[in-house]
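So the sequences go chain by chain: S and D. Just so you know, we're using the numbering used here here: the first sequence kicks off at 1 and counts up by one. Just so you know, we're using the numbering used here here: the second sequence kicks off at 1001 and counts up by one. Note that CB positions come from ideal geometry on N, CA and C, so glycine has one too. Each remark here refers to the structure printed beneath this line.
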Amino acid sequence: MAEGILQVTARSLYISAVASLAAFAAAVLTSSYLARSRRRVELLTPVFESLVGVPTTVVGLLVYTLLSPRGPLGFLKLLYTPYAVMVGEFLVALPAAVAYMARSFHTVREGVRELVLSLGVSSERVVSALALRELAPTLLTSYLVAFSRAIGELGVALIVGGGIEGYTNVLTTAIALQASIGKYEEAIWTGLVLIAITVVVALAVRFLGERVLWR
Amino acid sequence: MEVALRGVWHSYDGRTRALRGVELVFAGPGIYVVLGPNGAGKTTLLKIASLILKPSGGSVLVDGVDFWGLSEGERDVIRRRVAYVHDKPILLRGSARENAALGMRIRGEVDEALLEHYMRRYGLTDVEGLPASRLSAGQAKAVTLVRALTVRPKLLALDEPFAFLDDSRARTLVEDIARIAEGGGTVLVATHYMYRELRDVVSYVVEIISGEVRSVAKLR
Chain S
1 MAEGILQVTA RSLYISAVAS LAAFAAAVLT SSYLARSRRR VELLTPVFES LVGVPTTVVG
61 LLVYTLLSPR GPLGFLKLLY TPYAVMVGEF LVALPAAVAY MARSFHTVRE GVRELVLSLG
121 VSSERVVSAL ALRELAPTLL TSYLVAFSRA IGELGVALIV GGGIEGYTNV LTTAIALQAS
181 IGKYEEAIWT GLVLIAITVV VALAVRFLGE RVLWR
Chain D
1001 MEVALRGVWH SYDGRTRALR GVELVFAGPG IYVVLGPNGA GKTTLLKIAS LILKPSGGSV
1061 LVDGVDFWGL SEGERDVIRR RVAYVHDKPI LLRGSARENA ALGMRIRGEV DEALLEHYMR
1121 RYGLTDVEGL PASRLSAGQA KAVTLVRALT VRPKLLALDE PFAFLDDSRA RTLVEDIARI
1181 AEGGGTVLVA THYMYRELRD VVSYVVEIIS GEVRSVAKLR
């Protein structure tokens, strides 16, 4: 492989971080909307839970259809760019983050609302602020779920990114390429780097949460 | 503060009725004990009387005014005179002291001296810095009581207040609710047994069974 592992790793981290942060933000907004009604949570959360099971290759195909030159978003000329991979990873990560958050948002919000009412206050602003603090561990974990889904997926990165060296090649596409040409030892090392990143990010986010957010 | 329940009924699931046609008046100052077995509807009755839960049917009159017919803003003004303590302690993230001060904080009126007074009274000063998750059940319950007492409610509703409390804290609580009643406040206590220290200060005993008020007895 002409490209060094450090460059591939940096690109993977960059693309996955952007995609997972965007998915996380969208999931927070979606979950907040769902959490305002028990019916919404019960009707729509299973939809997101089902979407978690959609193969990433199918998501990749969908994004390809949208971004291909003759597709509805073809004019954006995003196909085979890192941005296309970001869009795909965003769609892969979003349902997982929402599925993890939505029910907790509802349960915690209702509990906090009743507590606040029991103290003679009904302000939604107070309920939201207190509920958000209670949800800190859930938020951290759901971000990690989104990040893990984004950095670990292959289907999207391969179909809409193409694994172009020096441009869209990420850790998963590098592993696939190395394995396909018989470089199993390199593929295993790249795989270990991928696992190490997932573990380090999880530990770092937990550490940050315990030291800063959960106090 | 008078709270009257007129033909109040409630169902959580649309099928089973937790309360059935309750006619009851908590007519001003005093300690009202709502007595009944588990599942009798005590908690539902208390939450409705504390203006937390809107009943499925009937009306709740506060000083003669239909509470649920008022605007949100008007309801908020009345609610600020009420505090309710859940049977199982509900504590949020943060220290024991932060939780005890929560009621005052969300109302925007923190009185540190009053908080200190109650923290000492309920033996919580030694654990005030501990995270809420590390408190014992009794300490957690005491924190929820302090949280409600420090907002100086005109109507204080306590659901199974003696559960988890040791004798010393239970006696302190009886003294405090007696003082509230003497000062013109209304205290509602839901319990499945009459705590012995409570007998001497109770004004009325309301017996509730299967969602229906069976009797109201005046003791003092």
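Where residue i falls, given that 16 or more other Cβ within 10 Å makes a residue buried
i	result
Glu1072 of chain D	exposed
Gln7 of chain S	exposed
Lys1088 of chain D	exposed
Thr172 of chain S	buried
Leu1135 of chain D	buried
Pro95 of chain S	buried
Glu1160 of chain D	buried
Gly120 of chain S	buried
Ala1040 of chain D	buried
Glu1112 of chain D	exposed
Ile195 of chain S	exposed
Gly1103 of chain D	buried
Ser50 of chain S	exposed
Inter-residue spacing [alpha-carbon to alpha-carbon] between residue i and residue j
i	j	result
Met1 of chain S	Leu21 of chain S	With a pLDDT of only 48 at Met1 of chain S, under 50, the local geometry of the prediction cannot be trusted, and no value is derived from it.
Gly161 of chain S	Leu130 of chain S	42 Å
Arg1107 of chain D	Gly1030 of chain D	25 Å
Thr81 of chain S	Val52 of chain S	24 Å
Ser1210 of chain D	Ala1004 of chain D	20 Å
Ala1132 of chain D	Ser1095 of chain D	5 Å
Gly1028 of chain D	Thr1186 of chain D	6 Å
Gly1129 of chain D	Arg11 of chain S	45 Å
Leu1156 of chain D	Ile1208 of chain D	19 Å
Gly1069 of chain D	Arg1214 of chain D	28 Å
Ala1178 of chain D	Phe1164 of chain D	20 Å
Where residue i meets chain B, residues with beta-carbon distance less than 7 Å
i	result
Tyr1084 of chain D	Absent here is chain B; the protein component of the structure consists of chains S and D.
Those runs of the alpha helix (DSSP H) which lie wholly inside the segment 55-118 of chain S and span at least 4 residues:
56-67, 82-118
So, do the segment 1082-1100 of chain D and the segment 109-116 of chain S have three or more beta carbon pairs nearer to each other than 8 Å?
yes
I'd like the ranges of any alpha helix (DSSP H) spanning at least 4 consecutive residues and lying wholly in the segment 1027-1098 of chain D.
1042-1049, 1072-1079
Which residues, taken in chain order from the segment 97-131 of chain S, show a beta carbon closer than 8 Å to some beta carbon of chain D?
Gly111, Val112, Glu114, Leu115, Val116, Leu117, Ser118, Leu119, Gly120, Val121, Ser122, Ser123, Val126, Leu130
Inter-stretch contact at 8 Å, needing at least 3 Cβ pairs: the segment 1174-1189 of chain D / the segment 198-212 of chain S
no
Listed in chain order, which residues of the segment 1101-1113 of chain D have Cβ atoms closer than 8 Å to some Cβ of chain S?
Leu1102, Gly1103, Ile1106, Arg1107
Between the segment 133-150 of chain S and chain D, which residues of the former have CB atoms less than 8 Å from a CB of the latter, in chain order?
Arg133, Glu134, Ala136
Relative to chain S, which residues along the segment 1087-1098 of chain D have a C-beta separation below 7 Å, given in chain order?
Ile1090, Leu1092, Arg1093
Are the segment 185-203 of chain S and the segment 27-47 of chain S in contact at 8 Å, needing three or more beta carbon pairs?
no
Is the segment 1074-1088 of chain D close to the segment 1016-1026 of chain D, with three or more CB pairs under 8 Å?
no
Does the segment 1113-1128 of chain D come close enough to the segment 1039-1057 of chain D to have 3 or more Cβ pairs within less than 8 Å?
no
Touch test, the segment 1053-1066 of chain D against the segment 1005-1019 of chain D, Cβ-Cβ under 8 Å, three pairs minimum
yes
Which residues, taken in chain order from the segment 1147-1177 of chain D, show a beta carbon closer than 9 Å to some beta carbon of chain S?
Arg1147, Ala1148, Val1151, Pro1153, Ala1157
Is the number of C-beta pairs between the segment 35-44 of chain S and the segment 56-72 of chain S that are closer than 8 Å three or more?
no
Length at least 3, wholly inside the segment 1111-1169 of chain D: the beta strand (DSSP E) runs in chain order
1155-1159
Counting only Cβ-Cβ distances shorter than 8 Å, please list the residues of the segment 1054-1081 of chain D near chain S, keeping chain order.
Glu1072, Arg1075, Asp1076, Arg1079, Arg1080, Arg1081
Three-pair Cβ contact test at 8 Å for the segment 1187-1198 of chain D versus the segment 1160-1170 of chain D
yes
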